[in-house]
Structure formats: C-alpha cells, structure tokens
Amino acid sequence: EEPALVCWILCFCLLPSSMGALCSCCCGTRDVVPDAPDVIIPDPEEDEQIVVTIDQAAIASRDYLAYRGLGTEDRNERWFFLNKSGSKWGGNVQMEVENFVRGLDPNDENKGQVLWRSDFIDQPFFQQQLRDVGGSMLQFAFTGFVDSMFDRPHYDDGYYISHGGGWDRDYRTSLFLNWNMRTEASLSSTVRKGFGFPVKLVVYAQGTGVARYFEVEEPIYEERGEGENRQRVQVGTRRRWERHEREYVDFVQFAVCDVASGQPVVDQFGAAVVFTVHGDSTDWTNNYATKFFDVQQRGGWFTKDPPTITTKAGVDPALALLIAHLCTKEFSTAQIKSNFHPRFPYDPLSAVFGFF
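Numbering (my numbering), first residue to last: 120 to 475.
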C-alpha cells in the first residue's frame, strides 16, 4: 500500500485545480496525462495561421498544454499537448507536439498523435573565456549566422559593472567571463509535410559574466590558560577572498537549417530563417516577432506568465508552435542562464586567463 500512497500523493501535488492529471510514477514517459477536451479540436491545415497560449501542464511538470486563443482556463480549448520525455539530469530529451487523438500507439494508450518532434540535449556545453578588466574580448569564433535584422551588442566592461546597480562592497578587483553556446534540436514529423527535407533548429547564444572581488578579514583565536583561567585570545587575523557575481545573456540566435547542408532554410521571399533576440543584458521584453511566429508575454525576463503564440500564414502552425516553445522555454534567456555555470577562480590575483 505504501508505494500506491506515495504515487497518489505525488499525483495530488502535480494536480492543478482545473486538470485531471497523473504523475510519471503511473504514466511512464510523461509527467502528466491531461484530460482531453469534450470535443477534440481538429488539426490546423499546414499553412493556416493560429493563435495559442502555452501553459505548464501541472506544477513541477516538464510538459505543457497549448490552448486555442488567449486563455488557459477552459479545458475544452486544449488543442495540443507538448510532452517532454527522456533524461531529467541534463542528457538527451525529446519534445513532442501531440493532438488529443489517443489510442493509436499500442504501447501507450494515453499518447496522442505526434505532429512534430524535437530531440536535443537538455544542458548544452558553454565555452568560457576568463579575462581581466579591459582584456581582449570574445576571442572565440562567432559560430552563429549573419542576421541582417539584428546588430549584435558589443558592450564595454563598464556597461556590465554599472548595469543593474546594487554593488555594495569596497571591491579590490573584477574579472570577466565571455561565453558562448551552440546547440541543435532536430525537427521531424512522420505525418506533416514540413519543408520536404530534414531540418533542425540551431541555437547560438553569447553572454558575459562579471565577478567583483573583496577581502574579508577574520580574527584568529587560541585557547590559553588552564582551568578557571582558560580564555580565548585573539592572536592574529587572516584574510580570504569573497566575490559577488552577475551573469548576463547578451543575445540568443535561432536558425532553422537544412540538415544536409547545415545552412538556414529560406522563406517564401527567399530570406534566411534566422532570428535573434536580445538577452537580459538589455531592458528589452520577451515580446518579439519572427518569420514563423510572434510572441506576446507579460512580465520581465523571468516571468512565469504563459506566452501567446501567433503563427504566420504559410508556415505549418504545429511546427511553428514547437519552435516557439523551444525558443520561449527550453532555450529562453532564463533557461540558458540556469544552465550556465561560470568558473571564476577563488583568488583573482592568481587567475589563469584563457579558454576552458
């Protein structure tokens, strides 16, 4: 009875008030099994424009629901289920866009028909360059794509020192990290036409970290004397380094590429499908437009409010939905910052500058 009780408790913890859901203890490769709408909404045509709002399927779940329109309260507006499966520890994962036509998979009765799927690594590799103030910046090669609609920011060190304010110590020195990240996510479908050839989403990001160091002086004590005369006496002091860190994403670039050539595909006007968005080193918001979709989301860079996605006519809306979810969740500024771990040294005066 105990395992069943534990599973029931986990299910209850995952269960939002408006959803019937089950936990992954019961449901294998999915965190939840959301209730289907009373009437299943038909799949959109492959060139149809749609508006959906994407919300987390349950508390602590990796899965999401796409609702038709602007709201997320009406169960009968659930259009698609975005099921994330695979490693929960930073390894290989899959994201599938399912409709609510279930029972087609003999191995998983709760699985809907998969319109599009993406495979990727949950925690990509970051290359880092440690340098001193004013040292040469960004010596690693730019491995993104040319985006004529976006000017990549090149801020000086003073920008990062002053951005955000709030430094509150007498700092001895500062060190900087420039970093970049490039990863890929496959995009595949067995039921939708797509581009007619294999494609993938290439994600490239650049950012900056700053560590400001200060010294803390601590007293050194010894116990002296015997019995009632024993006392703790300060015999000196020692110093140790502490630091305050901030990390910023300067920009994130997305490109839909031909798997065979590695180059971006082109839209109906012959323009490369490449779009770049500002990171949190600026005061920009999460709202932006791409060749496949527009994003509207309230709040700042780390908002939990669900984004509303408006796909563009002429693009498969199910594919656009998958890419939009990857951009706003899996490879968002907030998620990239969560995956990035700066490797600043303990002692800034003995730092070894370079790449790692």
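Don't be surprised by glycine CBs; every beta carbon is placed ideally from N, CA and C.
Computed from a prediction, not measured in an experiment: that's the story for all the values here.
Pick from K319, K423 and F394: whose alpha carbon is nearest that of S308?
Here the closest residue by C-alpha is K319.
Considering only their Cβ atoms, is the gap separating T452 from V368 smaller than 8 Å?
Yes.
If you count every other CB in all the chains shown that lies within 10 Å of the CB of A330, and 16 or more means buried, which is it?
Taking all protein chains shown into account, A330 has 16 or more neighbouring C-beta atoms within 10 Å of its C-beta and is therefore buried.
Report the residue ranges of all beta strand (DSSP E) runs contained in full by the segment 144-190; include only those spanning at least 3 residues, in chain order.
Within the segment 144-190, the beta strand (DSSP E) runs of at least 3 residues that lie entirely inside it are, in chain order, 170-175 and 183-187.
Using 8 Å as the threshold, is the C-beta distance between T409 and L189 below it?
Annotated as distal: T409 and L189, with beta-carbon spacing of 8 Å or more.
Sequence ranges, alpha helix (DSSP H) only - wholly within the segment 232-304, length at least 4:
The segment 232-304 contains these whole alpha helix (DSSP H) runs: 276-281.
Mind checking which residues open and close the alpha helix (DSSP H) that includes Q454?
For Q454, the enclosing alpha helix (DSSP H) has its first and last residue at T452 to N458.
For R384: DSSP bridge partner residues:
In the sequence as presented, Arg is not what sits at residue 384; that position holds Val. Paired residue(s): none; V384 is not in a bridge.
Buried or exposed: K203, going by 16 or more other Cβ atoms within 10 Å of its Cβ?
K203 is buried by the Cβ-count criterion.
Report back the beta-carbon spacing between L445 and S237 to the nearest angstrom; my notes put them in contact at under 8 Å.
Here L445 really is in contact with S237; their C-beta atoms are around 6 Å apart, less than 8 Å.
What span of residues does the alpha helix (DSSP H) with L468 cover, start to end?
That residue, L468, is in no alpha helix (DSSP H); it is neither H nor E in DSSP.
Best match in E164, P464 and F475 for proximity to V310 [C-alpha to C-alpha]
Proximity to V310 across E164, P464 and F475 peaks at E164, based on C-alpha coordinates.
So for G222, helix, strand or coil by DSSP?
If DSSP states are grouped into helix, strand and coil, G222 belongs with coil.
Exposure label - W298; buried when at least 16 CB within 10 Å
Burial check for W298: the Cβ neighbour count within 10 Å reaches 16 or more, so the residue is buried.
Just curious, the alpha helix (DSSP H) that L438 is in, first and last residue?
That run of the alpha helix (DSSP H) goes P436 to H444.
Can you look up G346 in the DSSP assignment and give me helix, strand or coil?
Of the three classes helix, strand and coil, the one that applies to G346 here is helix, per DSSP.
Specify whether the segment 208-216 and the segment 239-250 touch according to this definition: at least 3 beta carbon pairs, one from each stretch, less than 8 Å apart.
Yes, the segment 208-216 is in contact with the segment 239-250.
Euclidean distance between Cα positions of Y274 and H282
For Y274 and H282, the distance between alpha carbons rounds to 11 Å.
By Cβ distance below 7 Å, which residues in the same chain neighbour R291 in space, the five residues on each side in sequence not counted?
Cβ within range, chain order: Y332, F333 and E334.
Going by Cα to Cα distance, which pick from Q246, Y407, V233 and S305 is closest to A379?
Ranking the options by Cα distance to A379, first place goes to S305.
Can you have a look at K423 and say buried or exposed, based on whether 16 or more other CB atoms are within 10 angstroms of its CB?
Classification of K423: exposed, given that the 10 Å Cβ count is below 16.
N218 versus R301 - alpha carbon distance:
Those two C-alpha atoms are separated by around 31 Å.
Is it the case that the Cβ atoms of V170 and L440 are separated by a distance below 8 Å?
Result no, Cβ atoms of V170 and L440 do not sit closer than 8 Å.
Extent of the continuous beta strand (DSSP E) to which S204 belongs:
Counting along the chain, the beta strand (DSSP E) containing S204 begins and ends at R197 to G205.
So the beta strand (DSSP E) D413 belongs to, where does it begin and stop?
Its beta strand (DSSP E) spans residues F412 to Q415.
Could you say which of F472, N348, D154 and V352 lies nearest to I339 if we only look at CA atoms?
That would be V352, whose Cα lies nearest to the Cα of I339.
Assuming the contact rule is C-beta atoms closer than 8 Å, V434 and V396 should be a hit. Round their C-beta distance to whole Å, please.
Not confirmed; about 18 Å, so no contact.
Closest by CA to R288, which one among D413, H363 and L234?
Here the closest residue by C-alpha is H363.
Beta strand (DSSP E) segment containing V396, residue limits
For V396, the enclosing beta strand (DSSP E) starts and ends at V393 to H397.
Measuring alpha carbon to alpha carbon, tell me which residue in G326, D166, I160 and R194 is nearest S457.
Comparing C-alpha distances from S457 to each of G326, D166, I160 and R194 shows the shortest one belongs to G326.
Taking all protein chains shown into account, do 16 or more other C-beta atoms lie within 10 angstroms of the C-beta of I442, making it buried, or fewer, making it exposed?
Buried, because 16 or more other Cβ atoms sit within 10 Å of the Cβ of I442.
Distance check for R343 and G398, CA to CA, integer angstroms please.
Answer to the nearest angstrom: the Cα atoms are 57 Å apart.
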